[in-house]
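Comments concern the structure below.
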Amino acid sequence: MKLIVNGEEIILEGVISVKALMERFHCDMNATALAVNRMFVPRNLRDKIEFKDGDEVELIVPMQGG
Amino acid sequence: MFSVANTSLKSRLFLGTALYPSPEVMVKAIQASGAEVVTASLRRQSPKDNSGKAFWDIVRQLCVHVLPNTAGCRSVKEAVATAHMARELFLTSWIKLEVIGDDYNLQPDPFGLVAATHQLAKDGFEVFAYTTDDLVVAQRLVDAGCRIIMPWAAPIGTGQGLVNKNALKTLRARLPDVTLIVDAGIGRPSDAVQVMELGFDGVLLNTAVALAQDPVAMAKAFALSIEAGRLAYESGIMNQRDTAVPTTPTVGVPFWHQ
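Below, the structure is given as structure tokens:
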């Protein structure tokens, strides 16, 4: 399966859960927000997500800003 | 004290958190400024570093209100998704809404901005709308449910000051009951004084402090300038005159003859 995570393609063997993906990217679960195909996924719905081939995933954290 | 989005604040200076030489300087500048509202953004997680968490830990310790932004968003969909992510991460319904229409001058897209405001107001957000100095766009934002309008003085990061002072005067005069905070383009404290003398409710700036040679001192300078400008406005500034009017009494001038 191919996912585009934070703008970069990754190829995965089989399925992966949101939790596993976030762990792979060293995300702090409570300090990282998730969007799939440009739609926000609330924390309480993460375990309902089943990634499909080609899904765009954004793992987003707080950062400096003006 | 003044009230923004049902929150009482002592300072009318909102400060950005970007571009400082170091996190330590950022913290000192925020403290020197007395700002109680700081802006922040959302960016992609980098597996190589943990700077996002480190930044968030620093900001939380400052005990300030965080105003997350949707900087970089170019569509309504992106801005709305980013706002929802910000609410989950920062635990606030405040959102500085930016929908950018031009990559060169980072000018807001007025159509996207109004559409995103409609959606976010319905979703329970308090929208701080970053817009141009266009009166009609500002009115449409108010109609869409926005209580806090943030017109630019000049494009982001340019430090040009008040490029169209008359437009800002018009906004203040025509939207007397709306919270107006100038955001973007401020370069020096005298710019902030002018904004406050016009009767605006506050100023949001970042680059003018962060890129100063001494950001901490400049943060203090801006704090004082905003206070001075507000006090001047409340004191009732005299009207400008077209011709000279002597200040010294004219009666009893020596050597004067009819």
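Heads up: the protein sequence lines correspond to chains B and U, in order. Per the numbering used here, residue 1 is the first one in the first sequence, and the count goes up by one each step. Per the numbering used here, residue 1001 is the first one in the second sequence, and the count goes up by one each step. In this text, a Cβ means the ideal position worked out from N, Cα and C, and glycines have one as well.
Reduced DSSP secondary structure (H/G/I, E/B, other) of U/K1096: Taking the first residue of the second sequence as 1, we reach residue 1096 of chain U at position 96. Strand.
The segment 1043-1069 of chain U: positions lying closer than 7 Å to chain B by Cβ: R1043, R1044, Q1045, P1047, G1052, K1053, F1055, W1056 and N1069
Closer than 7 Å, Cβ to any Cβ of chain B: which residues of the segment 1026-1041 of chain U, in chain order? Listed in sequence order: T1039, A1040 and S1041.
Would you report the Cα separation of U/A1167 and U/A1154, rounded to the nearest angstrom? Here the question's residue 1167 of chain U lines up with position 167 in the second sequence. Here the question's residue 1154 of chain U lines up with position 154 in the second sequence. Going by the C-alpha atoms only, they are around 12 Å apart.
Can you pull the chain B residues whose beta carbon is under 7 Å from the beta carbon of U/M1085, in chain order? One-based indexing of the second sequence puts residue 1085 of chain U at position 85. The answer, in chain order, is A33, A35, F40 and I60.
Hey, would you say U/E1126 sits closer than 9 Å to U/A1005, going by beta carbons? Counted from its first residue, the second sequence places residue 1126 of chain U at position 126. Counted from its first residue, the second sequence places residue 1005 of chain U at position 5. In contact: U/E1126 and U/A1005 (Cβ atoms closer than 9 Å).
Nearest to U/R1174 by alpha carbon, out of U/V1137, U/G1202, U/Q1194 and U/L1106? Residue numbering aside, residue 1174 of chain U sits at position 174 when the second sequence is read from its first letter. It is U/V1137.
Taking the DSSP output, what are the residues bridged to U/S1041? Counting from 1 along the second sequence, the entry for residue 1041 of chain U is found at position 41. B/M63.
Quick check for students: name the residue ranges of the beta strand (DSSP E) that lie wholly in the segment 1064-1093 of chain U, counting only runs of 3 or more. The qualifying runs are 1065-1068.
Do three or more CB pairs link the segment 1217-1236 of chain U to the segment 1195-1202 of chain U at distances below 8 Å? At 8 Å Cβ cutoff, the stretches touch.
Where B/G65 meets chain U, residues with beta-carbon distance less than 7 Å: Translated into positions along the first sequence, residue 65 of chain B becomes position 65. Chain U residues near B/G65: G1016, T1017, A1018, T1039, A1040, S1041, N1069 and A1071.
Can you give the Cα-Cα distance for U/V1142 and U/I1149, rounded to whole angstroms? Stepping through the second sequence from its first residue, residue 1142 of chain U is reached at position 142. Stepping through the second sequence from its first residue, residue 1149 of chain U is reached at position 149. Taking the straight line from one Cα to the other gives about 8 Å.
Beta carbon of B/E50 nearer than 9 Å to that of B/V5: The residue you call residue 50 of chain B lines up with position 50 of the first sequence. The residue you call residue 5 of chain B lines up with position 5 of the first sequence. No. Outside cutoff.
Counting only Cβ pairs nearer than 8 Å, list the residues of chain U close to B/R43. Position 43 of the first sequence, counted from the first residue, corresponds to residue 43 of chain B. Within chain U, the residues near B/R43 are E1088.
DSSP three-state assignment for U/S1003, whether helix, strand or coil: The count along the second sequence starts at 1 and reaches residue 1003 of chain U at position 3. U/S1003: strand per DSSP, three-state reduction.
Closest to U/P1021 by C-alpha separation, out of U/A1086, U/S1093 and U/A1212, would be which residue? As a first step, residue 1021 of chain U must be located in the second sequence, where it is residue number 21. Looking at the Cα atoms, U/A1212 is the closest of the given residues.
By DSSP's criteria, U/T1131 is part of a beta bridge. Which residues make up the other side? What you label residue 1131 of chain U is simply residue 131 of the second sequence in a count that begins at 1. Answer is U/P1151.
Would the beta-carbon of U/S1046 fall within 9 Å of that of U/P1068? The residue given as residue 1046 of chain U occupies position 46 in the second sequence. The residue given as residue 1068 of chain U occupies position 68 in the second sequence. Result no, Cβ atoms of U/S1046 and U/P1068 do not sit closer than 9 Å.
If we cut at 9 Å on Cβ distances, does U/A1121 have a partner in chain B? Locating residue 1121 of chain U in the second sequence gives position 121, where the first residue counts as 1. No Cβ of chain B is located within less than 9 Å of the beta carbon of U/A1121.
Is there a Cβ from chain B that is less than 9 Å from the Cβ of U/G1157? Taking the second sequence and counting its residues from 1, the one referred to as residue 1157 of chain U is at position 157. At least one chain B Cβ lies under 9 Å of U/G1157.
Would a check of beta-carbon distances place U/V1080 closer than 9 Å to chain B? By one-based count along the second sequence, residue 1080 of chain U stands at place 80. Chain B, which has a Cβ nearer than 9 Å to the Cβ of U/V1080, makes this yes.
Contacts that B/D28 makes with chain U (C-beta to C-beta distance below 7 Å): Numbered from 1 along the first sequence, position 28 holds the residue referred to as residue 28 of chain B. In chain order: K1053.
Roughly how far, in whole angstroms, is the beta-carbon of U/V1195 from the beta-carbon of U/V1182, given that I think they are within contact range, below 8 Å? For the purposes of this step, residue 1195 of chain U is taken as the residue at position 195 of the second sequence. For the purposes of this step, residue 1182 of chain U is taken as the residue at position 182 of the second sequence. U/V1195 to U/V1182, Cβ: 5 Å. Contact.
How far does the beta strand (DSSP E) with U/G1202 in it extend, from its first residue to its last? Numbered from its first residue, the second sequence carries residue 1202 of chain U at position 202. Start and end: G1202 to L1205.
Contained alpha helix (DSSP H) runs [length at least 4] in the segment 5-34 of chain B, N- to C-terminal order: 18-24
Who are the near neighbours of B/A31 in its chain, counting only those whose CB is closer than 8 Å to its CB and skipping five residues on each side? Residue 31 of chain B sits at position 31 when you count from the first residue of the first sequence. The answer, listed in chain order, is V61 and P62.
I need the straight-line Cα distance from U/P1189 to U/S1225, nearest angstrom please. On the second sequence, position 189 is the one that residue 1189 of chain U refers to. On the second sequence, position 225 is the one that residue 1225 of chain U refers to. Going by the C-alpha atoms only, they are around 6 Å apart.
Please classify B/F40: does DSSP put it in a helix, a strand, or coil? Working through the first sequence from its first residue, we reach residue 40 of chain B at position 40. In this structure, B/F40 counts as strand in the three-state DSSP scheme.
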